[in-house]
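So in UniProt numbering the end of the sequence shown lands on 409, straight run, no missing numbers.
Report on the structure given below.
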Amino acid sequence: MIKVWTDGAEAGLLDRSGDRGSTFLYLPETIGERTVSVTMPVRLASWDMRFGLPPIFEMNLPEGVLRERLRLTFAKATGTFDDFDLLAIVGRSQVGRIRYTGQKQNLEEDVPFQSVDEILERRRGGDLFRYLIERFASFSGISGVQPKVLVRDEQAFAADYKDARLSQSYRGATHIVKFWEPNEYPQLAANEYLCLKVAKKCGLDVPPFQLSDDGGTLVIDRFDLRLDGTYRGFEDFCVLNARRTDQKYSGSYETSILKRFQQFANSPHVYTDLEKLFTLIALNCALRNGDAHLKNFGIVYEDVLGEARLAPVYDLVTTAVYLPRDSMALTLNGSTRWPATKDLQRLGETRIGGSPSQIRGILERIAEAIDSISNEVRAYVKEHQDFADIGERMLQEWEKGAAHSLKPV
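Laid out in structure tokens, this is it:
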């Protein structure tokens, strides 16, 4: 049985149910502010799943290399290794405000210190990836197939804040460190770094991010961490749509993203955020990112019962350089084909209520941002010849994407 905590306080108990299901029960004293998700209000009855975990508890489970590393390490000790076991291992260190411990254990976060500068300068050479996976895997409650871990460097996190500093007693993770598999997705870290620069140029919210000297590692500040050491709530669109992680490619941008956001936003800033959300959808199309699925959009909130805002941009890459025939992750107008400019124009006018001129302005702003950062891609290629092949392909995909999805015919 697993004890579930929200905002540092006990909220309920999670247990296995039946052959492959689970059940969650709020503690009798749990108040509304301790609700685990905007989709699961406090109630006397249990929340039951016939298969797997409720989406909010599954949301941060590691995938890919990280999950396999944990399986190899802990399977013998546990005798089994399912999502419940995985949650018990990484539950103390998660993205968002929820934590997990054993039923009789207290909540303590104690992520080892790791200098961000050391990572950026690659002082450990080729052993860095293996070293970080071995040391931080069990502290990395974060989803995604791309190899990534959570590390702690309080000084590096506070560097962008003039007078504010994290408490010296803070022991949680401060940064996300992402790698790439050379044999599968070469130069993925540099790819994402440059795509995030486009998003920032578009005026979207992007957490501070840095690329290592050799282009092999991307380091991103956590956007859910407050300077007082507490956490904002974060929920991805799999949770908002009551979908499991393996259903992340199921849905449409019209309903599963834009309409769903309006249902949960509960904010006076809803139109501003809808405009940003539309911008992000259009940007994914122009950059040819075929992995803009339900888990790569999210909401953040200060109070689970209060207003929710669109989460900052994350996991933005040009996938078409690896998969030339890639298409959209979700449907638009019933199709996963890359949309033409008129399709995005219609989406903006009908789903966020923008005027024709407003939507044209958004698409033009994205095109200008791509043109601007394309110059930086060319400069990066000149300085890093090992990036030349991927860089040239990125530029080609961006040019095709902008011509097809952003510019009037």
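All C-beta atoms in this analysis are idealised placements derived from N, C-alpha and C, irrespective of residue type, glycine included.
Those residues which DSSP pairs with residue i across a bridge
i, result
"residue 331", "252"
"residue 234", "300"
"residue 221", "175"
"residue 101", "3"
"residue 23", "15, 48"
"residue 40", "37"
"residue 141", "94"
"residue 308", "301"
"residue 152", "113"
"residue 385", "DSSP, once it has assigned bridges, lists no residue as partnering residue 385."
"residue 210", "219"
"residue 88", "Paired residue(s): none; residue 88 is not in a bridge."
Distance CB(residue i)-CB(residue j) smaller than 8 Å
i, j, result
"residue 303", "residue 109", "no"
"residue 40", "residue 143", "no"
"residue 173", "residue 206", "no"
"residue 176", "residue 200", "no"
"residue 366", "residue 345", "no"
"residue 194", "residue 394", "yes"
"residue 235", "residue 31", "no"
"residue 249", "residue 316", "no"
"residue 287", "residue 401", "yes"
"residue 9", "residue 202", "no"
"residue 282", "residue 363", "yes"
"residue 66", "residue 133", "yes"
"residue 50", "residue 21", "yes"
Nearest-angstrom Cα separation, counted from residue j out to residue i
i, j, result
"residue 186", "residue 103", "43 Å"
"residue 90", "residue 115", "21 Å"
"residue 145", "residue 111", "22 Å"
"residue 243", "residue 117", "38 Å"
"residue 290", "residue 341", "17 Å"
"residue 72", "residue 88", "15 Å"
"residue 24", "residue 198", "41 Å"
"residue 86", "residue 404", "43 Å"
"residue 107", "residue 159", "28 Å"
"residue 12", "residue 357", "50 Å"
"residue 397", "residue 181", "21 Å"
"residue 386", "residue 216", "11 Å"
"residue 251", "residue 296", "13 Å"
"residue 338", "residue 196", "20 Å"
"residue 222", "residue 113", "15 Å"
"residue 415", "residue 45", "With the chain represented from 1 up to 409, any question about residue 415 goes unanswered, as that position is not in the structure."
"residue 328", "residue 406", "16 Å"
"residue 42", "residue 5", "13 Å"
"residue 19", "residue 3", "20 Å"
"residue 263", "residue 280", "19 Å"
"residue 98", "residue 383", "43 Å"
"residue 261", "residue 271", "11 Å"
"residue 136", "residue 379", "34 Å"
"residue 81", "residue 68", "10 Å"
"residue 105", "residue 241", "32 Å"
"residue 285", "residue 179", "24 Å"
"residue 77", "residue 92", "19 Å"
"residue 372", "residue 326", "25 Å"
"residue 314", "residue 305", "24 Å"
Which listed residue (the options) has its alpha carbon closest to that of residue i
i, options, result
"residue 318", "243, 374, 219", "374"
"residue 84", "70, 184, 386", "70"
"residue 100", "119, 140, 135", "140"
"residue 347", "53, 205, 259, 45", "259"
"residue 192", "166, 354, 219, 389", "219"
"residue 321", "188, 275, 68, 337", "188"
"residue 276", "353, 122, 42, 408", "353"
"residue 294", "288, 245, 262", "245"
"residue 334", "81, 208, 255, 130", "255"
"residue 292", "257, 324, 262, 271", "257"
"residue 156", "183, 208, 336, 237", "208"
"residue 15", "138, 324, 285, 1", "1"
Same chain, Cβ closer than 7 Å to residue i, neighbours up to 5 away in sequence not counted
i, result
"residue 170", "154, 229"
"residue 17", "23, 48"
"residue 350", "none"
"residue 37", "56, 235, 239"
"residue 210", "120, 219"
Same chain only: Cβ atoms within 8 Å of residue i, ignoring 5 sequence neighbours per side
i, result
"residue 94", "60, 100, 141, 142"
"residue 309", "265, 267, 269, 273, 299, 300, 301"
"residue 381", "387, 388, 391, 392"
"residue 307", "265, 266, 267, 268, 269, 301"
"residue 96", "59, 60, 224, 231, 232, 233, 234, 235"
"residue 122", "128, 212, 213, 214, 216, 217"
Heavy atom of the ligand SAH within 7 Å of residue i beta-carbon
i, result
"residue 238", "No copy of the ligand SAH occurs in the structure displayed, which carries no ligand at all."
Same chain only: Cβ atoms within 6 Å of residue i, ignoring 5 sequence neighbours per side
i, result
"residue 53", "22, 83"
"residue 64", "145"
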